[in-house]
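Visitor: Protein chains in written order, with the numbering used here: chain A, 1 to 327; chain B, 1 to 94.
Built from N, CA and C at the ideal position, the CB exists for glycine as well.
Small disclaimer: the values here were computed from a predicted structure and weren't measured.
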Amino acid sequence: MYAQMVDTGVKAVKALAEMSPEEQAFQARIDADVKIEPKEWMPEAYRKTLIRQISQHAHSEIVGMLPEGNWITRAPTLKRKAILMAKVQDEGGHGLYLYSAAETLGVSRDQMVEDLHAGRAKYSSIFNYPTLTWADIGTIGWLVDGAAIMNQIPLCRCSYGPYARAMVRICKEESFHQRQGYDIVMTLARGTDEQKAMAQDSLDRWWWPSLMMFGPPDAASVHSAQSAAWKIKILSNDELRQRFVDQTVPQADYLGLTIPDPDLRWNAERHHYDFGAIDWDEFHDVIKGNGPCNRDRMRTRVRAWEDGAWVREAAMAHAHKHSRRLR
Amino acid sequence: MKSEWPLWEIFIRSQHGLAHRHVGSLHAADAEMAIKNARDVYTRRNEGVSIWAVRSADVVASAPGDREPLFEPANSKVYRHPTFFPMPDEVKHL
């Protein structure tokens, strides 16, 4: 997902009896669905895990602006260009809501940016794939934002107040992203043979990376178990992935596009679609930094940050000078 | 690094004459930039008709640990609620 394989720093989920009285009281509040707020006592591992998860989510929103920004100057019409700019601006906004939520846990904005640029913090694997054609802008909205919504709606109920509130705000806006994407793909699918082929090619390239967004199967993961106990992960990776497939296949059928999976079929007993094996080697390779665009994305981010340094400093200098004059 | 912009808390009044409500926070070098950034970050879809920006460092908050002693005095004063006084059914407009 936007936050993949978040390390909780724990080796086993503690039983209630093993917890300190403070930890017990904390877990009891989470079990009773009481929201945890910034200045309250929380286990150090909960705080650190949330910083990792929320900052990774924020970084994904910010890096996610790059593949789409690539098409702003080449959008096919002025209307599509205005819509795409609004969408990319939303992604920037989502990153800002999430950075603010993470800052309530005591980490600074600059520290998070530094962690991303130094490669210590991750962002979603999906944004390391290139946007080769205009159809990719449609497919990203349809599949990538569709997958994001799937993950983010349950997170509106997560245990940490500022994160849950940021998610509510983001989910309200995300639905526009998915629809504008589907609208682009639908227009191409109803167009000339060449346009339809462009839509199909895009689906072929983005389908599997989209399924990988949900992260590896997590049945046996101690981090997933701990995050579930803390209610910062509400549904498992596999549950979310299945929901996504079930929701998306009929949408592709409607467009007359083919999902690039020969093993995909409806399972009447399970009432779900069965689907083929995911290439986890590719996923781990992308996570390690060897996807098609990892280096390019980081180079662009770092350059933007460094080139903007003088603006940030000048604004502070101006503010200082002005406040001195007022005194 | 040393030039991180200060944090501001943002409050927005929505269309319908309600009170300003806390919507989140953001970084800005000064008050003017805080209002402009708040416009871009928190009102992209006409969410508001007015913005307040307050330096986060200037917010005074009660400590979560003081919750019980701070709010306890109200607990015993249930007679402050109208439902404390049962009224006969046949008496109207009370």
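1) Output, in chain order, the set of chain B residues within a Cβ distance shorter than 7 Å of residue 160(A).
2) Under 9 Å, Cβ to Cβ, is there at least one residue of chain A near residue 1(B)?
3) Name the chain B residues that come within less than 8 Å of residue 316(A), Cβ to Cβ?
4) Between the C-alpha atoms of residue 49(B) and residue 15(B), what's the straight-line distance to the nearest angstrom?
5) Starting from the Cα of residue 144(A), find the closest Cα among 186(A), 207(A) and 199(A) and give me that residue.
6) Please determine, among 210(A), 203(A), 180(A) and 103(A), the residue with the shortest C-alpha to C-alpha distance to residue 260(A).
7) Find out if the Cβ-Cβ distance for the pair residue 130(A), residue 292(A) is shorter than 9 Å.
8) Taking Cβ positions only, does residue 59(B) come closer than 9 Å to chain A?
9) I'd like to know whether the C-beta of residue 180(A) is nearer than 9 Å to at least one C-beta of chain B.
10) Please report the distance separating the alpha-carbon of residue 139(A) from that of residue 313(A).
11) Does the separation of the CB atoms of residue 169(A) and residue 97(A) fall below 9 Å?
12) Name, going along the chain, the residues of the region 87-105 of chain A whose beta-carbon falls closer than 9 Å to a beta-carbon of chain B.
13) Count the C-beta pairs between the region 161-179 of chain A and the region 238-250 of chain A that are closer than 8 Å, then say yes if the count reaches three, no if not.
14) Counting beta carbon pairs with one atom in the region 93-108 of chain A and one in the region 48-68 of chain A, are three or more of them shorter than 8 Å?
15) Could you check if residue 81(B) is buried or exposed, using at least 16 other CB atoms within 10 Å of its CB as the buried criterion?
16) Do we get a CB-CB distance below 9 Å when we pair residue 165(A) with the residues of chain E?
17) Spell out whether any CB of chain A is found under 9 Å from the CB atom of residue 23(B).
18) So, for residue 74(B): in the same chain, excluding its five sequence neighbours on each side, which residues have a beta-carbon less than 8 Å away from its beta-carbon?
19) I want to verify the contact list: residues of chain A whose CB lies under 8 Å from the CB of residue 41(B), in sequence order.
20) With distances taken Cα to Cα, identify the nearest neighbour of residue 10(A) among 295(A), 223(A), 82(A) and 288(A).
21) Are residue 110(A) and residue 4(B) touching if we call contact CB-CB under 9 Å?
Guide: Put simply:
1) Ordered by position in chain B, no residue passes the 7 Å Cβ test against residue 160(A), which lies about 14 Å from the chain.
2) No answer about residue 1(B) holds up, because its pLDDT of 43 lies below 50 and its placement is not dependable.
3) 3, 5 and 29
4) 6 Å
5) 207(A)
6) 203(A)
7) yes
8) no
9) no
10) 39 Å
11) yes
12) 89, 90, 92, 93, 96, 97, 99, 100, 101, 103 and 104
13) no
14) yes
15) exposed
16) No chain E appears in the structure shown, which is made up of the protein chains A and B.
17) yes
18) 80
19) 93, 96 and 97
20) 223(A)
21) yes
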